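Numbering (UniProt numbering), first residue to last: 1 to 313. We put the beta carbon where it would ideally sit given N, CA and C, even for glycine. Predicted model only: the values in this text are computed from it and were never measured. A short write-up of the structure that comes next.
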């Protein structure tokens with residue numbers, strides 16, 4: 001279909017970073033966006049141009065109302081890793097998409113998914129969701145496209161990384177130095193999701209999206225160094241340390257779900273999981289993700305040198 005025809009898009013997850021990036025891009029390009037939030041109206045984040053109703057993914061009626069009148073849907077699940085709850089979310093979304101008759105649903109798994117099953121809930125709950133969508137939408141006339149990102153550059157623009165980068169030239173992250181990663185930004189994720197919503201001939205496909213280059217930790221530090229105009233060195237964090245810090249922000253259960261991916265990578269069981277796909281996704285989706293250096297150069301890193309943003313880990 002043409003991306004010039006206005007879409008009415010139900011965006012699941014628009015109050016988060018990834019879904020928010022997708023929702024903002026859709027609004028920028030003249031499409032109508034609706035989402036839902038469990039927070040009371042006065043506590044919801046500001047979402048200019050986006051209609052935000054109250055509701056819970058665990059209640060079908062709330063999800064049905066979100067999808068009512070939508071022509072398309074973009075879905076990223078919240079940081080929930082209880083299999084029964086995720087199953088209910090996915091079933092409600094699939095049913096609402098089917099009954100509302102949306103043309104296409106794009107599911108962002110939020111992570112690459114190993115070929116073999118694992119004991120990592122961050123992988124397996126998303127594998128479960130994708131299976132539910134495929135089975136629930138099969139034969140319904142609703143097209144499904146799946147995008148599976150690697151790791152986000154935006155994770156590095158944070159109180160944990162910004163001050164150390166600006167004052168010490170240290171880039172710390174819970175991946176081994178030799179881990180090869182096709183780092184991607186939230187903006188380029190949004191571009192990929194937008195393409196997955198609009199490009200013809202890709203129904204039923206899954207794309208391992210990623211940035212244009214596969215980088216080890218030291219190579220990523222070199223990209224950061226060029227973007228910042230200073231020397232930067234990469235320091236691998238222990239996943240357990242990362243998980244402990246994350247638990248203060250997200251809670252223990254969500255932190256364990258997120259950090260399980262990094263524990264898995266540290267074990268070296270699947271070293272190619274976060275790499276690129278030799279440009280297949282970029283070609284099929286007609287997108288051109290930015291290099292890490294370009295992304296770094298565009299960020300307002302100076303904010304982390306201001307006193308009000310100091311952070312005591």
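Taking each of 225, 144, 38 in turn and checking the Cα distance to residue 171, the smallest one comes out for 225. Under the three-state reduction of DSSP output, residue 93 falls in the helix class. The beta carbon of residue 34 lies closer than 8 Å to those of 8, 9, 10, 11, 50, 51, 52, 53, 66, 70 in the same chain, with the five residues before and after it left out.
Annotated as proximal: residue 142 and residue 101, with beta-carbon spacing under 9 Å. One thing to note: residue 13 has its Cβ within 9 Å of the Cβ of residue 78.
Here the C-alpha atom of residue 204 lies approximately 5 Å from the C-alpha atom of residue 145. Classified as exposed, residue 5 has fewer than 16 neighbouring CB atoms from the shown chains inside 10 Å of its CB.
By the criterion of at least three beta-carbon pairs nearer than 8 Å, the stretch 206-216 is in contact with the stretch 168-185. Across the structure, residue 258 and residue 157 are spaced so that their CA atoms are roughly 17 Å apart. In this structure, residue 285 lies away from residue 206, with their beta-carbon atoms at least 9 Å apart.
Looking from the CA of residue 169, the closest CA among 112, 253, 304 belongs to 304. Bridge pairing for residue 8: 32 [DSSP]. Note that the C-beta distance between residue 223 and residue 291 is below 9 Å. Selection 163, 130, 154 evaluated against residue 148 yields 130 as nearest (Cα-Cα). For residue 175, no beta strand (DSSP E) encloses it, and the DSSP letter there is neither H nor E. Scanning 236, 29, 90 for the CA closest to the CA of residue 219 turns up 236.
Here the alpha carbon of residue 296 sits roughly 28 Å from the alpha carbon of residue 106. Taking 8 Å as the upper bound for CB-CB distance, residue 121 and residue 16 are not in contact here, some 18 Å apart. In the structure shown, residue 153 falls within a helical segment according to DSSP collapsed to helix, strand and coil.
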